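Asks: Start counting the sequence shown at 0; every next residue gets the next number (numbering that gives the first Met the number 0).
Ideal Cβ placement from N, Cα and C applies to all residues, glycine included.
Everything numeric in this text was worked out from a predicted model, so none of it was measured.
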Amino acid sequence: MNPYILATLLFGLGLGTTITFASSHWLLAWMGLEINTLAIIPLMAQHHHPRAVEATTKYFLTQAAAAATLLFASITNAWLTGQWEIQQITHPLPTTMITLALALKIGLAPLHAWLPEVLQGLDLTTGLILSTWQKLAPFALILQIQPSNSTLLIILGLTSTLIGGWGGLNQTQLRKILAYSSIAHLGWMILVLQFSPSLTLLTFLTYLIMTFSTFLVFKLNKSTNINTLATSWTKAPALTALTPLILLSLGGLPPLTGFMPKWLILQELAKQGLAPTATLAALSALLSLYFYLRLSYAMTLTISPNNLTGTTPWRLPSTQLTYPLATSTAMTICLLPLTPAISALLTP
């Protein structure tokens, strides 16, 4: 892609998210989301492959439906209450509609069906943008409206953690596994949103760091399915040794960073008297842990089934920058001891 066009599109992505962040009016927030969607579409369709075009079309249709619902709900809210302010939303009907529209935008279950399909059709770089940056703007809106409908949020959260766990079990494609992992993590964030928004923010930040590491590892190895993971030891032996730690951090095992948000969320849910919800969420984390363990096993304890010499990739130096990967991997593995400091920073 022409670097000028790429720069314009990336600027559009940044601008859309920033407009949504900075807006206090529903129309401006909607406009930011639309700019965001329109900026990522050429990035998704840049490889003229039927899969990429299909993924782009699916993404466009779901995002357009979500944006239209959001616009309709904000107009309904203005009609019922005379308010366009994002934080002044009080009526239950537009609140519920907006929550569901934003859930569709970020891919929360049961509105998740588009996410694995779309992610599977994209290359790993665009997939990374879709899994991290594209979640920021809708999430900022969810945090701002603080939906009062607690039952809806808990249903969305629990469904997402369960579907995110079950959906990834039988997958062999890494991008689909990462999509289900994303759904499960978003479920955890939504569960605790109404009780502790700062904890939701902390979970979101750790999710960003861990997903960034995972995508960069797969990108360095050029892996898109479990089989190609098994040949990664010939390319980057040290990274292959560290990758299970990144994956288990995503699964939420102590003493890795991923354990911190899960631990604090379960503690908060127990404090609020939601022990059954906390138990279900913890059990659903076991499902996710199973497929992360499966990836770790495929990567470190098996040799690729292809015995031909030609299938083992040549150890050519990678052109990918390793500083971002090194930084994010260190953060993915080592941040748990800093939990008190990070909590103190994020608590208002």
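1) Please list, in chain order, all residues of the same chain as Leu207 whose beta carbon is under 8 Å from its beta carbon, the five residues on each side excluded.
2) How many angstroms separate the CA atom of Trp78 from the CA atom of Pro323?
3) So what does DSSP say about Asn220, is it helix, strand or coil?
4) Go through its chain and collect everything with a Cβ distance to Phe214's Cβ below 6 Å, but skip five positions before and after it.
5) What would DSSP say about Gln119, mapped onto helix, strand or coil?
6) Strictly by DSSP, which residues pair up with Glu84?
7) Which residue's Cα is closest to the Cα of Thr331: Pro347, Tyr291, Leu246?
8) Between the Cα of Leu249 and those of Thr328, Thr171, Val191, spot the shortest distance and give me the residue it belongs to.
9) Comparing alpha-carbon positions, which option in Ile40, Gly81, Ala297 lies nearest Gln133?
10) Roughly how far, in whole angstroms, is the beta-carbon of Ser283 from the beta-carbon of Ala178, given that I think they are within contact range, below 8 Å?
11) Hey, out of Met43, Ala136, Leu9, Ala67, whose CA is closest to Ile18's CA?
12) Helix, strand or coil for Gln45? Go by DSSP, reduced to three states.
13) Measure the beta-carbon distance from Leu190 to Leu268 and round it to whole angstroms, keeping in mind my assumption that it falls under 8 Å.
14) For the ligand GTP, is there a heavy atom less than 8 Å away from the beta-carbon of Val117?
15) Which residue comes first and which comes last in the alpha helix (DSSP H) that contains Met96?
16) Using the C-alpha atoms, what's the distance from Thr256 back to Ser147?
17) From the DSSP output, which residues share a beta bridge with Gln172?
Replies: Straight from the coordinates:
1) Within the same chain, Leu207 has close Cβ partners Thr131.
2) A straight line joining the alpha-carbon of Trp78 with that of Pro323 spans about 48 Å.
3) Helix, per DSSP.
4) Closer than 6 Å at Cβ, skipping near neighbours: Leu123, Leu127.
5) In the structure shown, Gln119 adopts helical secondary structure according to DSSP, grouped into three states.
6) The bridge partners DSSP lists for Glu84 are His24.
7) When Pro347, Tyr291, Leu246 are compared, the shortest CA-CA separation from Thr331 is found for Leu246.
8) Check the Cα spacing between Leu249 and each of Thr328, Thr171, Val191: the tightest is with Thr328.
9) Per the Cα distances, Ile40.
10) 16 Å between Cβ atoms; not a contact.
11) Checking every option, the nearest Cα to that of Ile18 belongs to Ala136.
12) Coil.
13) Taking 8 Å as the upper bound for CB-CB distance, Leu190 and Leu268 are in contact here, some 7 Å apart.
14) The ligand GTP is absent from the structure shown, which contains no ligands of any kind.
15) From DSSP, the alpha helix (DSSP H) with Met96 extends over 91-105.
16) Taking the straight line joining both Cα atoms gives about 30 Å.
17) For Gln172, DSSP records a beta bridge to Asn224.
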